[in-house]
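> Encoded as structure tokens, here's the structure I'll be asking about.
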Amino acid sequence: MDFDFGSLLAFIIFGVTIGVVYGIVALGISLIYSGLDIVHFAHGEIYMFGAFLGLVLSQQIGIPYPGAMIGAMVLAALLGMFIERVFYRRLTRSGGGYTVAGMGMIICGFGMSVALMNVAFLIWGADAEPFPVEFGIEPLEINDISIPPSYLLTAVVSLCLMGILNYFLRYTKIGLAVRAVAHNKDIAFLMGINVPLFISLIFGLACALAAAAGVLVGPMQSVQVEMGYLMLMKAFAAAVVGGFGSLPGALIGGILVGIFENLGAAYISASHKDIYAFLLLILVLMYRPAGLFGVVAKVKA
Amino acid sequence: MLNIKEVHSGYGKLKILRGINLNVPQGGVVALLGGNGTGKSTLLKTISGLVPVMEGSIEFDGQIISGKKPHEIVRSGLVQVTQSKEAYPAMTVEENLMLGAFTRSDSGGVRADLEKVYEFFPVLRQRRKVLSGTLSGGEVQMLVIGRGLMAKPKMLMLDEPSAALAPKVVLEIFSNIYKISQTGVTILIVEQNVRMALLLAQYAYIIRDGVIMIEGSAEDLINDSSVKDSFLGGTVANTKKSLNS
Amino acid sequence: MALLETRGLSKSFGGLKAVSGVDLKVQPGTVHGLIGPNGSGKSTFFNLVTGVYQPDPGSHIEFDGHDITNLQAHGIAALGMARTFQLLRLFSEMTVLENVMVGNHCKTSYGIVESLLGTSRVRQADQKMKEEMLDLLEFIGLANFADIPAGELSGGQRRLLALGRAIAMKPKLLLLDEPGAGLSPVNVDKLMETILSLKERYKLTVVVVEHILKVVMSTCETISVLDHGQKIAEGPPEMIKNDHAVIEAYLGRELPDEEIRNAIRGQ
Amino acid sequence: MISFITNFTSAIESLAKVHRLLPWLIAYVLLLFLPNLITATFGEYYVDLANRCCLFILLAVGLNIVKGFCGQVTVGHIGLYAIGAVTSALLAQNYGLPFWLSAPLAILVTCFAGLVVGLPSVRLEGAYLALATLGLGESVRIMIAVTPALGSSTGIMMIPAPTIGDYVIESFDHYFYLVMTAAIIGIYFSFVILNSSTGRAFKAIREDVIAASVSGINVPFYKLLAFVISAIYAGLAGALFAHMPPGYLHHNNFTVIEMVTLLLMVVLGGIGNIWGGVVGAIVVTVIYDQTKDYYFYQPLIFGITMVFLVVFMPRGIGGVIEQAIVKRKFIEKHEEQNLGTS
Amino acid sequence: DEIRVGITMRMVSENGQKYGQMVMDEIGLINEAGGINGHQIKATLMNDECKSDKGVANANKLIFQEKVHLLIGSTCSSVSLPIVDVTAKAQVPQIIPHSTNAQITQKGSAWVFRVPVSGRFYAGVNAKYVGENIGKKIAYICAADAASQNDCDAMQAQMKSQHGTDPAYVAQVQEKEVDFRTHMQKIKSAGVDGIMVAALAETMSRALIQSYEAGIGSDVRRIGSSSASNAPVPKISGDAVKGVFYAAAYSNADTRPIAKLFNQMVKDRYGIHAPDHDFSQAYDLIRIVEIALNNSDLKLTNSSLAADRTAIRDAIANVKNYQGLASGPISFCADATPQCRDGNKTPVLIAYKKGGEEFETEVLARVSMPEDFGL
Ligand SMILES: Nc1ncnc2c1ncn2[C@@H]1O[C@H](COP(=O)(O)OP(=O)(O)OP(=O)(O)O)[C@@H](O)[C@H]1O
Ligand SMILES: Nc1ncnc2c1ncn2[C@@H]1O[C@H](COP(=O)(O)OP(=O)(O)OP(=O)(O)O)[C@@H](O)[C@H]1O
Ligand SMILES: [Mg+2]
Ligand SMILES: [Mg+2]
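Residue numbers (this note's numbering), protein chains in the order written: chain A, 53 to 353; chain B, 1356 to 1600; chain C, 416 to 682; chain D, 44 to 385; chain E, 300 to 674.
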């Protein structure tokens, strides 16, 4: 394939515009990870629920798009908190499941993912639903690359969400408590932290982010019951690349994954596209398990 | 201050405490002694709500606290420093200390108390930007006691604070605990360093197999040589005995 | 010839020199004490010697005639070095008996393939080992708890088990990191007996880190003192007790009850 | 119930005293009559179901070794299964190898793949390892899906059934003898491994890596060994699946959903519990088959079951029974001891 | 003494559910009208989720447990392919409602019949029309599911053999790809006459929309694979579906009275704006089964199972010139060859006139292919 700079630029832009979405889902995963010390395997389904909720709110009830997005975020947060309270709660209380830290959680996450997907299927059916939105702005034209409004909006909203969250966790007492809850619930309790409340809060926040991503992606890719799984994989890759627990890392990780897979699809082979994300994930895990921005706590013997 | 009546508790079906009666007066320093595996830590965990009370009642500062959640108990001013001296390894020393002050909203008072903790334990000041996962055993010990203090507790429960500390530091720790108690904090201390504990405390309880066997003023107990030999052995030694006989 | 010898042993973490240039010789058949203030590098020393940490370049560790400076932990263990941890690190979901059996891992007389095939030799060897290990549990006083998961023991019982697991390795050299912390006075006495009988009966060499002075002073032939990662003194207990630098850095003064009480009360 | 199990185990133990293989032989011989029994009582189809159970038993027992014994959270096991299946199929089809050659070769290849899947475990733990193995497992599936030589979208067709001489093993009950034998041998060796020094090394690694290494256990080696052993199980199951008539493989037999089902089996039976894994495999396969009419709700039921199991019964069926037996002993001892001292 | 019919289908998509339902309803109607020669039909419907292992298990259960006389299924080629071997070995007649993969009938089973148009015919018709009316410079986007891959490969081969042209651009993409921007960017600079998108409904719709987003004008024609006929395509794609050309086995724009009646029936019963060819094929299948069963002499005793199965097979093989909804007459014959067993040999060429839920199509042509075309 002959190489030209214009199309390389185009592929990178494509990667970035989808990468920011990976980034905000990864942000939620990272948040749950730092808060609860678990990797949440049902997060893709929360994202899918968010997308459907946004669809219902905006297309069926007729709430304007921004309102639908906030509504979906709130509802998904409630859903997440409900799930956490009813199911995950007992596991977190005893510190991450049986035998190996987190094995119970991982399995629980998988179970939840299957169940949620089925619930969505029972409610909305298996077929993809279009989510057309009139943004009222023109596509952005760079040379002969055209970026539709939905992608532009996504990038802007993602960056805002990420900024707000970062401030919240880094410069408030709550951020400190989040980390305390993550490491040892018993001791956090003894510090007077209302551990259950915090866990709910973290979960809710992460789910709201996933829902936002769902509503943002809806107009770009339509909404479908099975949409969560692939997004989850990409978001995992993003979270790992950026470094679990690092919020800016999640976003940059997302963008890197987006670019990496788009270049792979463009220059190597499109049918292996998902493998590139996995490849990146595995490479980063092997050579820099903490990711680009993460820190691994050195625990002494 | 703390009033424990006929408390039973344990893990699942397994009962460890079988009717504990214990009393800590306001401002006092009380020691809880006993052999290994006799239920001392279980009692502290029961008081702070980590292990559920099966029977009996616990009253603190005029309120019944048995059945409450751990964080509620902490908020009422009763703070425990656990035996497994766990700090948050991925946080710095100072962050750990600030966590201790989580329930407080008086930031001026928190800073002042932070200074006070650094005065008690100067090593912590030196290493305050270091991730606490890399501290030595003794340093962690000081950190967790300091963290307990940061909550500005009415009463502090210490589970073997001197274990694993250098002899010179042990004395420091004990005198710091005394100083802490002089500031009006009531103290319940579990110790294996019987001699030091009895020199610090005014009153002591000796527990064995989940019941209080002996109680009395510290002065009396320290002079009673039979106490050490007959009651501080613990179940491990007993097991051996019962096997041999 | 020394059983364990370190030359210029160093380890730094970032800017902090946890252990710097320590030369130490442990003579076979002795109990060797290692003391020092908190954070002086004792546990780090153990971690270096047992291969849990890699030492800084320029360090040398020799054990029983082998250069073990760059060996991995399991290789060093196989040469006959056992240790306990300050934070115990028991296998808490495994039973007490299984814990000591894992300790005995290096002494398994059969190969991996054989163990996977479950030949009769394997079964006989395992049976014999089980009996041996039960004896060992009897020796440390945990025989009654053989089938109990280690996580359900109390603090002191766990410490005994950690000791048992190390002994089960039938090592030449045993490194004990604060074996007495948290033990009741009676059990501390028992611990001292145990250490001495290990030396007498099993001809074991022991290095012990301990803050309970009674233990070091009455069981050790030689004591080395670390401070800020450096060796500041070495010698028999009598000498160490009266060493000015050691008193200054670590021991403090030995006081009668009344004075301690006064010291505590700040008078 | 508990006492029944205790009695049953002691009966088996006394049999084992005569010869350690005796209980196994008896079980094996009894199982040889199972197809006839099943056909007579339920019908021929259920022999096919039993065959599928046996495949899943192999998979579950193998997964248990790496996950339950050794504590390595792998989610890529189904990828190994796929590799075993595809390799054996291709060897048989492209090179005309008989099953008896293609299957061992496939197991060998799977072992190697197991080594690769296991490599991340040397550096990673817990959730990170789960992600890495998930990535590897999915990559295997995607490779199969997009590579024409591996079947891609049409799949690999007409994989020959195993033969002995001129005899073709293709009816349900004859295939049963094959898969059941494999399953029994698999279970037997899984016990051998658990009770050996290797099994103890696995468990020690599960509990505390550093403590294990200073106890003389070569941690990376044993982790990889666990992966390789479980790969043997997966490879064998894969080969047996590939050659099971009608001999067809498609990449969508190896998706994450299959992996989740496999996890459910292990969790239901009890992580780290061998009989638990066996029971889990049977229960899940049979229930799945019997609730096919409710296919709309099946994933929901399965998912929620999994969640509830982890939450309320983290040790699964097997673990609960085991725990009850141990607890009983412990309380007995404790009371004994209290009587002794007071 | 009932006639047992087993059905295994992909029941996860909405369409799948609905035409599964239609099959059951039609059988119910036959039963209400007195059954077949006085015998009721007992139908068992199972879901195979489009997974071959599940499909084979279903087939085994239906054949050995339910002891069906006739097996209907499956909808997915990758499931039908192995089931063909199961039915051949167990000697049970199998009739296929929707799988187009050419190899199904090429396996040489005497027990299999296909109602839909085989993929080999579609490619021939498509290539002819495209080469003559759209142009020869075609870009391909091929998704990795069995049907689309098959359509895509066959189309390229036909373009080569009929017009001697190589593809202008080929992108092999994943089955559920949703992001085609890189390909559209490349196709845009390649300057082609047409873009063929061979993919399942959602994937195809995404590609169609993104081709416009990328700025490829409507002068470049979009060509669909046979799944372009599925209702979600116009629904999701909206305006982007306008002008899309594809070949199918049925068009809802068909003006014959029977087709109009069928459209109305499906609309009333299942609330579907217009049935796609999956519905018509399922409907035709039931009619063919009805004819065959009526023509076969069945004992329906325990011992006559094998004989009855053979009788049904022979009766299906005797169905000639069935004129139903399908684009052309459906005929079978006794040989175990594709010529005999690919019943419908007449694709219809269709183009979308309007997208959205209320989409419209127009019929461009109807082409009957020689029976051994593409073999
Ligand atoms: N999590 C647990 N689950 C079950 N049993 C436990 C648990 N923790 C402790 N035990 C049991 O409870 C008994 C008392 O333990 P506890 O920790 O209270 O002893 P202790 O007096 O603090 O001893 P030590 O001085 O050794 O720390 C012991 O026999 C122990 O086996
Ligand atoms: N993994 C590590 N990373 C960074 N610093 C470390 C690490 N391990 C130990 N240190 C530091 O090295 C110094 C020596 O620690 P070490 O644990 O060896 O002390 P110690 O002599 O065993 O003390 P104690 O008697 O309190 O157990 C301490 O200041 C500690 O903070
Ligand atoms: Mg204790
Ligand atoms: Mg230390």
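C-beta: ideal position from N, C-alpha, C; glycine also.
In chain A, what lies closer than 7 angstroms to S182 of chain D by C-beta?
I327 and F330
> Report yes if the C-beta of L1490 of chain B is less than 6 angstroms from at least one heavy atom of ligand 2; otherwise report no.
yes
> Taking CB distances under 7 angstroms as the criterion, tell me whether A262 of chain A reaches chain E.
no
> Output the residue ranges of the alpha helix (DSSP H) runs that lie fully inside the region 250-338 of chain D and measure 4 residues or longer, sorted by chain position.
252-257, 262-286, 299-312 and 317-333
> Comparing the CB of G454 of chain C with every heavy atom of ligand 2, is any distance shorter than 6 angstroms?
yes
> Which residues in the same chain as R422 of chain C place their Cβ atom closer than 7 angstroms to its Cβ, once the five residues preceding and following it in sequence are excluded?
D438 and H475
> Under 8 angstroms between beta-carbons, which chain A residues line up against F1415 of chain B? List them in chain order, please.
Going along chain A, no residue has its Cβ under 8 angstroms from F1415 of chain B, so there is no contact; the nearest lies around 14 angstroms.
> Say whether chain A places a C-beta atom closer than 7 angstroms to the C-beta of T1447 of chain B.
no
> Under 6 angstroms: does the beta carbon of Q1438 of chain B sit that close to some heavy atom of ligand 3?
Because some heavy atom of ligand 3 lies under 6 angstroms away, the Cβ of Q1438 of chain B counts as near it: yes.
> Could you check if S1396 of chain B belongs to the surroundings of ligand 3, using beta carbon to heavy atom distance under 6 angstroms?
yes
> Between the alpha carbons of F478 of chain C and L494 of chain C, how many angstroms are there, rounded?
8 angstroms
> Residues in the same chain with beta-carbon distance under 7 angstroms from Q487 of chain C, minus the five sequence neighbours each way, listed in chain order, please.
Result list for Q487 of chain C: G466, in chain order.
> What residue ranges within the region 386-453 of chain E form continuous beta strand (DSSP E) runs of no fewer than 3 residues, ordered along the chain?
393-395, 411-416 and 437-442
> Taking 6 angstroms as the cut-off, is the CB of Q645 of chain C close to at least one heavy atom of ligand 4?
Relative to ligand 4, Q645 of chain C has its C-beta separated by 6 angstroms or more from all heavy atoms.
> Below 9 angstroms between beta carbons is the criterion; list the residues of the region 473-490 of chain C that meet it against any residue of chain D, in chain order.
Result list: Q487, A488, H489 and G490.
> Can you find a heavy atom of ligand 3 that lies under 6 angstroms from the Cβ of G570 of chain C?
Proximity of the beta carbon of G570 of chain C to ligand 3 is indicated: a heavy atom of the ligand is located closer than 6 angstroms.
> Around the Cβ of S1462 of chain B, are there at least 16 other Cβ atoms within 10 angstroms (buried) or fewer (exposed)?
Flag for S1462 of chain B reads exposed.
> Should Q501 of chain C be counted as a contact of ligand 4 given a C-beta to heavy atom distance under 6 angstroms?
At a threshold of 6 angstroms, Q501 of chain C counts as near ligand 4, since its beta carbon sits closer than that to one of the ligand's heavy atoms.
> Sort E:S312, E:K360 and E:A497 by Cα distance to K335 of chain D and report the nearest one.
It is E:K360.
> To which residues does DSSP link Y1366 of chain B through a beta bridge?
B:L1369
> Of all the residues that make up the region 256-267 of chain D, which are near chain C by a beta-carbon distance shorter than 8 angstroms?
S256, V257, S258, G259, I260, N261 and V262
> Quick check: does the Cβ of G1392 of chain B come within less than 6 angstroms of any heavy atom belonging to ligand 1?
yes
> Is the Cβ of P596 of chain C closer than 7 angstroms to any Cβ of chain B?
Here the sequence assigns Ala to residue 596 of chain C, which means Pro is not the residue at that position. So yes, A596 of chain C belongs to the interface.
> Under 7 angstroms, Cβ to Cβ, is there at least one residue of chain D near S323 of chain A?
yes
> The region 236-247 of chain D: which residues have C-beta closer than 9 angstroms to a C-beta of chain C, in chain order?
Taking 9 angstroms as the Cβ-Cβ cut-off against chain C, the residues of the region 236-247 of chain D that qualify are I236, N238, S239, S240, T241, G242, R243, A244, K246 and A247.
> Can you tell me where the beta strand (DSSP E) holding E625 of chain C begins and where it ends?
Premise fails: E625 of chain C is in no beta strand (DSSP E) and is neither H nor E.
> Report the rounded CA-to-CA distance for G667 of chain C versus E1494 of chain B, giving the unit in angstroms.
G667 of chain C and E1494 of chain B: Cα-Cα distance of roughly 18 angstroms.
> If contact means a Cβ-Cβ distance below 8 angstroms, which residues of the region 479-490 of chain E contact chain A?
R480, T481, H482, Q484, K485, K487 and S488
> Hey, could you find the ends of the alpha helix (DSSP H) Y340 of chain D is sitting in?
Where Y340 of chain D is concerned, there is no enclosing alpha helix (DSSP H), given that its DSSP letter is neither H nor E.
> When the cut-off is 7 angstroms and only beta carbons count, does A175 of chain D lie next to chain A?
yes
> For E313 of chain A, does the count of other Cβ atoms within 10 angstroms reach 16, so buried, or fall short, so exposed?
buried
> Taking Cβ positions only, does M302 of chain D come closer than 7 angstroms to chain E?
So no, M302 of chain D is outside the interface.
> Could you confirm whether any beta carbon from chain E is found closer than 7 angstroms to the beta carbon of F63 of chain A?
yes
> So, does the CB of H659 of chain C fall closer than 7 angstroms to a CB anywhere in chain B?
Not an interface residue.
> List, in chain order, every chain A residue whose beta-carbon is nearer than 7 angstroms to that of K534 of chain E.
P182
> Using a Cβ-Cβ cut-off of less than 7 angstroms, give me the residues of the region 232-254 of chain A that come near chain B, in sequence order.
A232, H235, N236, D238, I239, F241, L242, M243, G244, I245, N246 and V247
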